[in-house]
Structure formats: C-alpha cells, structure tokens
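Chemist: Numbering (our numbering), first residue to last: 101 to 335.
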C-alpha cells in the first residue's frame, strides 16, 4: 500500500510538513449500508487517520490510554506529531487496519449487538484472487475472544479516477459493480474469498470490496466483530 508511511513509521520521516488530520469517530458512513448494484458511491479519500471513518459504517472505539494531544514541556513539535499520535490512537480499529498488511491489526465494528449489518470497505485488486483473515488475528486468545463474520455480503466497486495529493489519494466516480454472498469458515488464518461475477469498466483507476456482516461466530468475551486482513495473497 503506497500510503502507509503515515501509519507505519515516524511521522516526521514520512512528511516534511505539519500534520493536519483528524481523529477517527465511532460513527461512520451510513451510505455503505445501502449499497445497490449500479449505484454511484461518489468519492472517498485514502489518506490520514480520521479519513478512514468514511470507509466503514462504524468503528470500535480505541482502548487503553489516549496519548497526550499536546507536546511535553520543552518538546519541539513543529510537525504537530503529538496530535498525530492521538489521532492515530483513535483509529486503532479503523477500516484501513483491514488492509494494512498486518494481521495483528483489525477493523472492528462499533455498534451494540452482534455487528450484523455493519460494512467495511477495503482497497484491493478485485481482478486477482483475494484472501480474508476474519476476527482479531493478533493471537489465538484474541481471535476466540472477539466475534468473527460467518456469512457476509460482498460488493465489488470500481473508481473512475484517482488523484494523488500530499497525504494520499482521492478516489472519485466510485460505482457498485456486483453483489454476492459468502459463508466463511471459523479459522484463525487466511481463507479464499470468492467474489461475484463482474466486468471492470475500461480505464478503472482503482477497485474496492465492501464487506457486510450478515451473521457471526460469537466471541467468548466480546461481541465486537472484527476483520484482520483482506489481501491479494500473491502480493
């Protein structure tokens, strides 16, 4: 993923300018819950921190202690790194964690109950094979503790345009191409994800997969339903 510098490394190394992002929110993009084949979803931004709130219908609130939003006394913070650390913490379970290349992280929905009906959008090449790691794959204990999707609805989407900017890429003309459903095994590891049939428009700039939770394998401790990773397994 070409936009991962801001989440994988030191902010000052990734950017030579002050951070101007925002925190993630638990409430997301309600339009994702009403997808229909042929629908124009409009535009989405793949960039800093809170932008990924729009890539899911909800996001689980971060856990643990929130980092200070202001620098320590005497600390030089010209790049606003303290605010970045706070906002990145708030995005602990945001949608980008489902396609950041790390099974230790995950998108987790943030509503009460089983999470049925919640949707996450991931950027992935739908013209190639796709694998999914459901649940929280950081450890066997966390996988068992949290809920995992059992049956899901799948929407294939394509963007007409992709415009790079200083913090990432903006996608526009995003259209829903096809819908299907899949039954997932309850396993702590990758499994193949079969997509519905579709035809990519000529000149497609990027493709996405929207995954809606229809039913779950309940967690032993928590009701939150998570997806660790959606990838093209051959790299």
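Yeah, the Cβ is synthetic: ideal placement off N, Cα and C, and Gly gets one too. Model, not experiment: these values are computed from the prediction.
In its own chain, which residues sit with a C-beta less than 8 Å from the C-beta of residue 166, not counting the 5 before and 5 after it?
Modeler: For residue 166, where only same-chain residues beyond five positions count, the Cβ hits under 8 Å are 186, 189, 190.
Chemist: Check whether the Cβ of residue 294 lies closer than 8 Å to any Cβ atom in chain D.
Modeler: The chain inventory of the structure shown lacks chain D, comprising one protein chain alone.
Chemist: Suppose you measure from the CA of residue 281 to the CA of residue 253; what does that come to, to the nearest Å?
Modeler: Distance between the alpha carbons of residue 281 and residue 253: 4 Å.
Chemist: By alpha-carbon positions, which one of 205, 140, 133, 136 ends up nearest to residue 260?
Modeler: Answer by Cα proximity: 140.
Chemist: Do residue 159 and residue 128 come within 8 Å of each other at the CB atom, strictly closer than that value?
Modeler: For residue 128 and residue 159, yes; Cβs fall inside 8 Å.
Chemist: Does the beta-carbon of residue 239 have 16 or more other beta-carbons within 10 angstroms, so that it is buried, or is it exposed?
Modeler: With fewer than 16 Cβ atoms within 10 Å of its Cβ, residue 239 is classed as exposed.
Chemist: For my contact list, residue 313 and residue 216 are in at a C-beta cut-off of 8 Å; report their separation, rounded to the angstrom.
Modeler: Indeed they touch by this definition, with Cβ atoms about 6 Å apart.
Chemist: DSSP beta-bridge partners for residue 140?
Modeler: Residue 140 is bridged to 275.
Chemist: Three-state secondary structure (DSSP) at residue 217?
Modeler: Coil, per DSSP.
Chemist: Can you tell me which of 263, 296, 317, 123 puts its alpha carbon nearest to the alpha carbon of residue 278?
Modeler: Ranking the options by Cα distance to residue 278, first place goes to 296.
Chemist: Suppose you measure from the CA of residue 234 to the CA of residue 199; what does that come to, to the nearest Å?
Modeler: Computed Cα separation, rounded: 12 Å.
Chemist: The beta strand (DSSP E) spanning residue 227 covers which residue range?
Modeler: Taken as a continuous stretch (DSSP letters only), residue 227 belongs to no beta strand (DSSP E), as it is neither H nor E.
Chemist: Classify residue 202 as helix, strand or coil using the three-state DSSP reduction.
Modeler: Of the three classes helix, strand and coil, the one that applies to residue 202 here is coil, per DSSP.
Chemist: Compare the Cα-Cα distances from residue 132 to each of 202, 325, 323, 274 and report the closest residue.
Modeler: That would be 274, whose Cα lies nearest to the Cα of residue 132.
Chemist: Under three-state DSSP, which class holds residue 321?
Modeler: Coil, per DSSP.
Chemist: In terms of DSSP beta bridges, what is residue 184 paired with?
Modeler: Residue 184 is not bridged to any residue.
Chemist: Going by DSSP, what residue range makes up the beta strand (DSSP E) through residue 241?
Modeler: Run containing residue 241: none in the beta strand (DSSP E); it sits in the alpha helix (DSSP H), 240-245.
Chemist: Taking 6 Å as the limit between beta carbons, can you name the residues of its chain near residue 272, skipping five residues before and five after?
Modeler: If we look at residue 272 and ignore the five residues flanking it on each side, its Cβ neighbours are 143, 261.
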